[in-house]
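Asks: Okay, here's the structure, questions in a sec.
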Ligand SMILES: *Cc1c(COP(=O)(O)O)cnc(C)c1O
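Numbering (this note's numbering), first residue to last: 4 to 363.
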């Protein structure tokens, strides 16, 4: 059986070693003669799975002791509401940097609960860069400051994390968490839907500084309060057990690969292969500003819609799948998350070169 090169933005490619391990353990998880899907979430086997997953997240990211690691449901999108619900508790004000569709949705949710200040926006230029931030525009008494570190649809990413002083920094890292080391202590809350760089859809990872969990407004429903998950070890109700199990296998795989320093090296190598070609090609180009380029999602265009469509079609026939850009921006996009091997990117660049030669 040959597997295709899957450049999907999410749900995305998973490490083959993880899928094989899951297949091996499908009918009989570690001698208990049951699938992980059939285990009680209160039993010792699943307790082992979730506790090991949590410990590995802490180890891989070097998370300080005053942070909690939580497994939630509702996708990254539910965090757009949970963040203001839980954190807009003092002055009911928050700063947002607007860099694409995901921040647009997050801003729309936050406006339901308080005052939103847009510190900067790249919307007028089609979100092709991360705007410069001027700290004099920051709201001094904001309850939090919000960014999306990697903009999946447009292929932009922050190269420097803003210093927000005493105001907690909240980051949507759905599409670049675990792609390289980060200093967790700079953040109040980090969240990520799993289906890009962590595992299957259905589980959302939240990393939250302990002091931010307190004083949740009384009106917040239990399942929407971070405190509920902290107090119950993410087991107030049945968690997404199987998604957590696969995520746990991915965390083991990251450790076996050499941790985030090793992963970072591979990711930069992959991104460089593609960007170097885009910058020399006469046919394909990157619409993204040089200083804001993502190493995870790389959009590219020919400038001619019919040629884009032909490229996507022929690439697919050659086992290079899901290269169509987001429905709102068109063109192509290669998502090259951790689980995309270097060989996959090499195959893509080789195909692009041939396509350029044959069509110019
Ligand atoms: C995919 C994505 C989301 C939405 O995730 P869901 O799990 O579908 O809610 C939010 N933010 C970013 C940056 C994403 O890439």
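Here a beta-carbon is modelled for each residue, glycine too, at the ideal position from N, C-alpha and C.
Between the beta-carbon of residue 98 and the beta-carbon of residue 145, is there less than 7 angstroms?
Replies: Closer than 7 angstroms, so yes.
Asks: Specify the secondary structure class of residue 251 as computed by DSSP and reduced to three states.
Replies: If DSSP states are grouped into helix, strand and coil, residue 251 belongs with the helices.
Asks: Residue 153 and residue 299 - do their beta-carbons sit closer together than 7 angstroms?
Replies: For residue 299 and residue 153, yes; Cβs fall inside 7 angstroms.
Asks: Given residue 53, which residues of its chain have a CB within under 6 angstroms of its CB, disregarding the five upstream and five downstream residues?
Replies: So the list reads 247, once near-sequence residues are dropped.
Asks: Am I right that residue 187 and residue 210 are in contact with their C-beta atoms under 8 angstroms? What's the rounded C-beta distance?
Replies: Indeed they touch by this definition, with Cβ atoms about 6 angstroms apart.
Asks: Residue 85 by DSSP, collapsed to three states: which one?
Replies: It is helical.
Asks: Helix, strand or coil: which one does DSSP assign to residue 118?
Replies: Strand at residue 118.
Asks: May I ask you to report which of helix, strand or coil DSSP gives residue 175?
Replies: Strand.
Asks: Is there contact between the stretch 97-115 and the stretch 222-235, where contact requires at least three CB pairs shorter than 8 angstroms?
Replies: No contact exists between the stretch 97-115 and the stretch 222-235.
Asks: Assuming contact is defined by CB atoms lying nearer than 7 angstroms, are residue 151 and residue 106 in contact in what I supplied?
Replies: Taking 7 angstroms as the Cβ cut-off, residue 151 and residue 106 qualify as a contacting pair.
Asks: Would you list the one or two residues that DSSP bridges to residue 306?
Replies: Answer is none; residue 306 lacks a bridge partner.
Asks: What residues in its chain sit with their C-beta under 6 angstroms from that of residue 198, if we drop five residues either side in the sequence?
Replies: Here the set comprises 13, 14, 204.
Asks: Who are the near neighbours of residue 136 in its chain, counting only those whose CB is closer than 8 angstroms to its CB and skipping five residues on each side?
Replies: Cβ neighbours of residue 136 beyond the five flanking positions: 100, 122, 123, 165.
Asks: Mind checking which residues open and close the beta strand (DSSP E) that includes residue 149?
Replies: Start and end: 147-151.
Asks: For residue 282, count the other beta carbons within 10 Å of its own beta carbon; 16 or more makes it buried, fewer makes it exposed. Which is it?
Replies: Exposed, since its Cβ has fewer than 16 Cβ neighbours within 10 Å.
Asks: Output the distance between the C-alpha atoms of residue 340 and residue 117, rounded to the nearest integer angstrom.
Replies: Distance between the alpha carbons of residue 340 and residue 117: 35 angstroms.
Asks: Using only alpha-carbon positions, find the residue among 207, 233, 206, 208 that is nearest to residue 219.
Replies: The residue with the shortest Cα to Cα distance from residue 219 is 233.
Asks: Compare the Cα-Cα distances from residue 134 to each of 320, 156, 292, 301 and report the closest residue.
Replies: Checking every option, the nearest Cα to that of residue 134 belongs to 292.
Asks: Helix, strand or coil: which one does DSSP assign to residue 278?
Replies: Helix at residue 278.
Asks: Can you determine whether any heavy atom of ligand 1 sits closer than 6 angstroms to the C-beta of residue 155, and answer yes or no?
Replies: Indeed, a heavy atom of ligand 1 lies less than 6 angstroms from the Cβ.
Asks: With DSSP run on the structure shown, which of helix, strand or coil describes residue 78?
Replies: In this structure, residue 78 counts as helix in the three-state DSSP scheme.
Asks: Whose CA, out of 275, 357, 21, 90, lies closest to the CA of residue 216?
Replies: Residue 90 is the option with its Cα nearest to residue 216.
Asks: Is DSSP giving residue 96 helix, strand or coil here?
Replies: Of the three classes helix, strand and coil, the one that applies to residue 96 here is strand, per DSSP.
Asks: Buried or exposed for residue 330, going by 16 or more other Cβ atoms inside 10 Å?
Replies: So residue 330 ends up on the exposed side.
Asks: For residue 245 versus residue 72, is the C-beta distance shorter than 7 angstroms?
Replies: Not closer than 7 angstroms, so no.
Asks: Regarding residue 177 and ligand 1, is the C-beta to nearest heavy atom distance less than 6 angstroms?
Replies: Correct: residue 177 has its Cβ closer than 6 angstroms to ligand 1.
Asks: Can you tell me which residues form a DSSP beta bridge with residue 296?
Replies: Answer by DSSP bridge pairing, in chain order: 159.
Asks: Helix, strand or coil for residue 8, going by three-state DSSP, please let me know.
Replies: Residue state, collapsed to three classes: strand.
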